[in-house]
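K.L.:
The numbering used here runs 857 ahead of the 1-based position in the sequence shown.
For every residue, glycine included, the Cβ atom is placed at its ideal position computed from N, Cα and C.
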Amino acid sequence: MIAGKHALVTGGGSGVGRAIALALADAGIDVTICGRREAELAKVAGENDRIFAIAADVTDEAAMASLYERAEGARGPFDIVVANAGMAGSTPAHKTTLADWQRTLDVNLTGAFLTVRPALTGMAARKAGRIVFVASTAGLKGYAYVAPYVAAKHGVVGLMRALAVETAKSGVTVNAVCPGFVETEMLEESIQRIVEKTGRSVEQARSSLASTNPQGRFIQPQEVAAAVLWLCGDAAQSITGQAISISGGETW
């Protein structure tokens, strides 16, 4: 039974994180969401009584430790951890500063590690748990002008595979979902950058990005959330170490 469990969803204030939090809460799971934007977190928490918000930066080790202490003290140990928080920029590799490179890895890769590490010991002791990383098709292939993001997401997939092997005998499963372009705030920011840098119209930019999906469309946040919900359920107890592409056939 999935109802009654406790889940952590990072980056839960918008986009895919919001959709995942709502899907889990609708399934009867208590959900703690975190992020840096308190107002956005509060809005999502207001959408379902099972969702609770704690402001925390996934790149801050002490902040994540405090989040675990507060959330687990209030609602019990995390049975499910979804490492969703992420960020992306767009710059040719030769113009990428070390600061931009490091920030992208800090949020997408180190943040994912700091999100799941505190859960590992308890899940292993209880011989149960679900860990899901929200990676990207950028963790399965390369894209131009986003080298730090591609490197970070490949790192997330590698981290997932290593943890899946470490936890395989403990009853814990560790997987990643790898969406293509998802219709979120981050997508709109990418479109705006294309418009500013190339002079193309918004529609031309949208069409260009949508064309990477053989189905010719953008992924919806609810589609990603449905995959995460399934991975957290009993029917997926034999699924571990998998990077599941949600991309209309762009990657596999």
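How many angstroms separate the CA atom of residue 1105 from the CA atom of residue 945?
P.N.:
21 Å
K.L.:
So, using beta-carbon positions, are residue 972 and residue 921 closer together than 8 Å?
P.N.:
Result yes, Cβ atoms of residue 972 and residue 921 sit closer than 8 Å.
K.L.:
Helix, strand or coil: which one does DSSP assign to residue 1036?
P.N.:
strand
K.L.:
Between residue 1037 and residue 984, which are expected to be in contact by the criterion C-beta below 8 Å, what is the C-beta distance as a whole number of angstroms?
P.N.:
No, residue 1037 and residue 984 are not in contact; Cβ-Cβ is about 35 Å, not under 8 Å.
K.L.:
Pairs of beta-carbons, one from the segment 901 to 909 and one from the segment 1076 to 1085, closer than 8 Å: are there three or more?
P.N.:
no
K.L.:
Would you kindly check if the distance between the Cβ of residue 940 and the Cβ of residue 996 is under 8 Å?
P.N.:
no
K.L.:
Which of the three DSSP states is assigned to residue 878 in this structure?
P.N.:
helix
K.L.:
Determine, for residue 1008, whether the minimum Cβ-Cβ distance to residues of chain C falls below 8 Å.
P.N.:
Annotation note: the requested chain C is absent from the structure, which comprises a single protein chain.
K.L.:
I want to know whether the segment 859 to 869 touches the segment 923 to 941 - three or more CB-CB distances under 8 Å.
P.N.:
yes
K.L.:
Answer yes or no: do residue 901 and residue 878 have a C-beta to C-beta separation smaller than 8 Å?
P.N.:
yes
K.L.:
So does the segment 1085 to 1099 actually touch the segment 1045 to 1063, counting three or more Cβ pairs closer than 8 Å?
P.N.:
no
K.L.:
Hey, out of 903, 988 and 1108, whose CA is closest to residue 1023's CA?
P.N.:
988
K.L.:
Residue 874 and residue 890 look like a contact to me (Cβ under 8 Å); what is the Cβ gap, rounded to whole Å?
P.N.:
7 Å
K.L.:
Find the nearest neighbour of residue 980 within the set 1025, 1109, 1103 and 911, judged by alpha-carbon distance.
P.N.:
Of 1025, 1109, 1103 and 911, the residue nearest in Cα terms is 1025.
K.L.:
Enumerated in chain order, which unbroken segments of the beta strand (DSSP E) with a length of 3 residues or greater are wholly contained in the segment 943 to 992?
P.N.:
986 to 991
K.L.:
Measuring alpha carbon to alpha carbon, tell me which of 993, 968, 911 and 1004 ends up nearest residue 1107.
P.N.:
993
K.L.:
So residue 892 and residue 869 are supposed to be a Cβ contact under 8 Å. How far apart are they, rounded?
P.N.:
6 Å
K.L.:
Whole angstroms are fine: how far does the CA of residue 1051 sit from the CA of residue 1064?
P.N.:
12 Å
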